[in-house]
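Asks: Starting off with a structure, shown below.
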Amino acid sequence: MTVPLDRHRSVELQVWAERVPRVRRIVAAHLRHWSLDLHVRPVGRALDELLANVHRHVGDDNACVVELRWTGRRVTVSVADDSTRMPRLLPSGGGLSRVMALSDSWGTCRTADGKVVWFTRYAEAPRTAGLLPYAPLPGVRTARELPLAALV
0 MTVPLDRHRS VELQVWAERV PRVRRIVAAH LRHWSLDLHV RPVGRALDEL
50 LANVHRHVGD DNACVVELRW TGRRVTVSVA DDSTRMPRLL PSGGGLSRVM
100 ALSDSWGTCR TADGKVVWFT RYAEAPRTAG LLPYAPLPGV RTARELPLAA
150 LV
């Protein structure tokens, strides 16, 4: 399947608590536009965790970039910030543990300016079923009258 090149969006923002719901709505709108409605809630929850980590550990005064990409098979969401402090997976069940539970894969890597934390979800476009009606099955009386080869 060939996916158009417009399946990529990025948003640069200051991570204030008031902006997190706005970014979640932007990401949800793009997922719905791409017919990926089933992924809106889990992607939104995992993105909330990544943005909360930036807000908590990096602070309000630093900018971050949220990037959303769909290849036709996978949705990748990444959050890049300018902090060199790498995130850790804690056993408490929140933060990156929640991202791990909501995604197929996740990771983090250093960049020249800071770091990127990302996650992916398997997400193929839904296939539409044809709306043509099937021919009705023959009734018992009709089936008895038809030769056996016509029923198969």
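First residue of the sequence shown: 0, per numbering that gives the first Met the number 0; consecutive thereafter.
Where is the CB? At the ideal position from N, CA and C, for every residue including glycine.
Since we're looking at a predicted model, the values are computed, not measured.
For Ala124 and Ser34, which I take to be in contact (beta-carbon distance under 8 Å), what is that distance rounded to the nearest angstrom?
Replies: With 8 Å as the limit, Ala124 and Ser34 qualify as a contact, their Cβ atoms being about 5 Å apart.
Asks: Which of the three DSSP states, helix, strand or coil, is assigned to Arg8?
Replies: If DSSP states are grouped into helix, strand and coil, Arg8 belongs with the strands.
Asks: Which term fits Leu46, buried or exposed, when burial requires 16 or more other beta carbons within 10 angstroms of its beta carbon?
Replies: Looking at its Cβ environment, which holds 16 or more other Cβ atoms inside 10 Å, Leu46 is buried.
Asks: Just tell me which of Pro90, Val78 and Tyr133 has its CA closest to the CA of Phe118.
Replies: The option with the nearest alpha carbon to Phe118 is Val78.
Asks: Where does Ser91 land, buried or exposed, given buried means 16+ other C-beta within 10 angstroms?
Replies: So Ser91 counts as exposed.
Asks: Looking only at its own chain, which residues have a Cβ that is under 8 Å from the Cβ of Arg104, when we skip the five neighbours before and after it?
Replies: According to the sequence shown, residue 104 is Ser rather than Arg. Taken in chain order, the residues that qualify are Phe118 and Thr119.
Asks: Per DSSP, Val65 forms a beta bridge with which residues?
Replies: Paired residue(s): Val10 and Val78.
Asks: So what's Arg120 in DSSP terms, helix, strand or just coil?
Replies: Three-state DSSP puts Arg120 in a strand.
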